[in-house]
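Before any comments, here is the structure.
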Amino acid sequence: MMNMTPVVKQLLIINIIVFIGAQLVPVSYEYLALFFPENPGFKVWQPITHMFMHGGFAHIAFNMFALYSFGSTLEHFWGGKKFLFFYISCGLGAALVNFAVNYYFYQDSLNILLANGYHKADILNLLNDGKIDTRWQQILTVSEFKHFMNAYLGTVVGASGAIYGLLVAFTFMFPNAELGIMFIPIPIKAKYFVPIYMLLFDGFFGIFGSSLMGIDSGIAHYAHIGGAFFGFMIMWYWKKNQFNNNRWN
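Our numbering puts the first residue of the sequence shown at 995, with every later residue one more than the last.
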């Protein structure tokens, strides 16, 4: 196991401090979690701060273990500046993709309500007061209503988007590295495990909106996909252009 590298160590410390602080001051969630841009709770700093917020102990434990396991290896080969750039870029990419998908769902359902005689200001006023008009459920399908509500009122927290970018980068650099996965008795090469995991867990469950147990768990699957996508594009660009590591030193 590789020793913890400096930037990874600093990121771990920040995440842990923010997590403990959020437990002690729950109202901080309203300022640091990532809200939908049209929601009054949205603040310009949230695309950054949401990466250091987590929804529970299991959430932060998994992300920080992955940050240590994969991030230390990448920082060792890249150096701190390049690693931090990549990490933050994937986290921001995750937020951007999540925004885009939620905006599509939000706008699609909003247009249906507007076409049925509702006014946008009245709809948003109800939502901002924590209320709904039950007649919306007679106009929208179950899926449309669920996506509409989740898009506008839902929040995103966690480093998972950035972590997914690290997984992609690790696979790019060490495709034949064997990963020991809990509950699976044999190691699996990164080039097989990472794509299959992402396609099944975030592709399938993201589209159908269910968790492994068949229950919507509130996991931001599209943010995960966004982090992985941006990680892939950055790695592809660097490889194509034979990126010069010295510019980061």
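Virtual Cβ for every residue (Gly too), placed ideally from N, Cα, C.
6 angstroms Cβ shell around residue i - same chain, five flanking residues per side excluded
i	result
G1065	V1002, L1160
L1026	T1043, M1047
G1225	C1084, G1159, V1162, A1163
Environment of residue i [buried if 16+ CB atoms lie within 10 Å]
i	result
Q1040	buried
S1154	buried
W1230	exposed
F1071	exposed
I1008	exposed
L1055	Reading off the sequence, residue 1055 comes out as Ala, not Leu. When all chains shown are included, A1055 counts as exposed.
N1235	exposed
A1094	exposed
V1038	exposed
V1136	exposed
T1149	buried
Supposed contact pair residue j and residue i - C-beta distance, whole angstroms, cut 8 angstroms
i	j	result
L1120	L1147	Actually they are not in contact, since the Cβ atoms of L1120 and L1147 sit about 11 angstroms apart, beyond 8 angstroms.
I1157	A1060	5 angstroms
I1133	N1110	5 angstroms
Sequence-distant residues of its chain with Cβ nearer than 8 angstroms to residue i (five each side left out)
i	result
K1185	T1165, P1169, N1170
L1104	K1114, I1117, F1142
Y1062	M998, V1002, L1006
G1015	S1022
I1106	I1133, L1134, E1138
Cα-Cα separation, residue i to residue j
i	j	result
G1073	F1079	10 angstroms
M998	E1069	9 angstroms
F1223	F1030	21 angstroms
I1010	Q1004	10 angstroms
S1204	F1077	In this predicted model, S1204 has a pLDDT of only 46, less than 50, meaning its place in the structure is not dependable enough to derive any value.
E1138	S1083	31 angstroms
N1108	L1193	Note on identity: in this sequence residue 1108 is Leu, with Asn being the wrong assignment. Whole-angstrom Cα-Cα distance: 35 angstroms.
N1033	H1218	22 angstroms
H1215	M1058	18 angstroms
G1050	V1019	14 angstroms
D1123	F1099	21 angstroms
W1232	Y1081	15 angstroms
N1144	T1067	36 angstroms
Q1131	I1180	48 angstroms
Own chain residues within Cβ distance below 7 angstroms of residue i, not counting five before or after
i	result
G1220	G1087, A1088, L1090, V1091, N1092, G1155
H1053	G1152
V1012	F1046, M1047
P1000	G1074
I1228	F1080, S1083
8 angstroms Cβ cutoff, residue i in contact with chain C
i	result
Q1132	Any reference to chain C falls outside this structure, which holds one protein chain only.
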